Amino acid sequence: AQKVTQAQTEISVVEKEDVTLDCVYETRDTTYYLFWYKQPPSGELVFLIRRNSFDEQNEISGRYSWNFQKSTSSFNFTITASQVVDSAVYFCALMRGSTLGRLYFGRGTQLTVWP
Amino acid sequence: EADIYQTPRYLVIGTGKKITLECSQTMGHDKMYWYQQDPGMELHLIHYSYGVNSTEKGDLSSESTVSRIRTEHFPLTLESARPSHTSQYLCASSESPGGKPLHFGNGTRLTVT
């Protein structure tokens with residue numbers, strides 16, 4: 001079975017702090033994809049990043065960075081110098097390589113950045 | 001970038017009414033999905049489609065039905081709404097082959113009184 005665990009339900013930080021959102025996944029597939037989505041208060045889910053299981057290279061995009069470690073089945077997301085606009089719910093998700101696109105979501109982490 | 005539209009944005013209806021939530025995408029994506037999001041934030045797949053005339057039930061038991069007569073259109077219907085159907089419904093689409101990100105609509109927030 002596929003499972004994604006986001007143990008942090010809520011995180012509060014003050015602006016300019018760095019924050020890391022944890023994501024641990026379970027799958028027996030050798031080919032799979034991992035995603036992060038952002039859900040601001042307006043409600044839509046915004047795609048942030050996709051990694052496939054064969055690419056463990058970490059990625060940085062501006063203030064965002066992602067650390068993928070197969071050895072610990074983790075795909076953590078770090079926001080550097082957080083801003084109020086980063087306040088949202090963040091979802092980690094898993095897609096099996098053998099199926100045609102279904103996403104298995106974690107429960108989400110509510111991030112609040114205070115000014 | 002996919003454009004995917006959901007209407008209505010908000011809906012408040014009484015118990016027993018029949019409703020249809022609309023979802024359309026303009027990018028020609030083969031695959032479309034409906035997710036239900038409860039107040040605790042968790043997302044559950046309730047229906048999906050791999051193409052025209054193809055629909056499947058998802059992981060969460062749902063009393064809703066879907067149809068896929070046209071590639072761009074994937075409506076969800078509740079024949080008789082109940083308060084337990086109060087939730088946010090999110091529609092998504094993605095390209096083939098697998099591994100592509102899902103693109104989501106803004107969602108429909110449904111309240112059944």
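For the protein sequence lines, the chains are A and B, in the order given.
For the first sequence, the working numbering gives the first residue as 1, with consecutive numbering after it.
For the second sequence, the working numbering gives the first residue as 1, with consecutive numbering after it.
A virtual CB, placed ideally from N, CA and C, is assigned to each residue, including glycine.
Values in this document were obtained by computation on a predicted structure and should not be read as measured data.
Kindly indicate if chain B contains any beta-carbon less than 9 Å away from that of residue i.
i	result
Gly43/A	yes
Tyr33/A	yes
Arg107/A	yes
Phe47/A	yes
Ala68/A	The sequence given here places Phe at residue 68/A; Ala does not occur at that position. So no, Phe68/A is outside the interface.
Using 10 angstroms around the beta-carbon of residue i, count the other beta-carbons present and answer buried if the total reaches 16, otherwise exposed.
i	result
Val14/A	exposed
Ile69/B	exposed
Trp36/A	buried
Val12/B	exposed
Ile79/A	buried
Arg146/A	Outside the displayed range of chain A (1 to 115) lies residue 146/A, so it cannot be described from this structure.
Arg82/B	exposed
Under DSSP, the beta strand (DSSP E) around residue i begins and ends at which residues?
i	result
Met32/B	31-37
Ile69/B	Here Ile69/B belongs to no beta strand (DSSP E), and DSSP marks it neither H nor E.
Ala81/B	Element bounds for Ala81/B: n/a, residue is neither H nor E.
Gly28/B	Counting along the chain, Gly28/B falls outside any beta strand (DSSP E), and DSSP gives it neither H nor E.
Met95/A	88-96
Does DSSP classify residue i as helix, strand or coil?
i	result
Lys17/B	coil
Val4/A	strand
Thr72/A	helix
Output yes if chain A places a C-beta closer than 9 Å to the C-beta of residue i; else output no.
i	result
Gln88/B	yes
Phe104/B	yes
Leu45/B	yes
Pro39/B	no
Inter-stretch contact at 8 Å, needing at least 3 Cβ pairs: the region 42-60 of chain B / the region 1-10 of chain B: Contact between the region 42-60 of chain B and the region 1-10 of chain B is absent, because fewer than three Cβ pairs lie under 8 Å.
Three-pair Cβ contact test at 8 Å for the region 8-25 of chain A versus the region 44-51 of chain A: A contact is defined here as three or more CB-CB pairs under 8 Å, and the region 8-25 of chain A fails this definition with respect to the region 44-51 of chain A.
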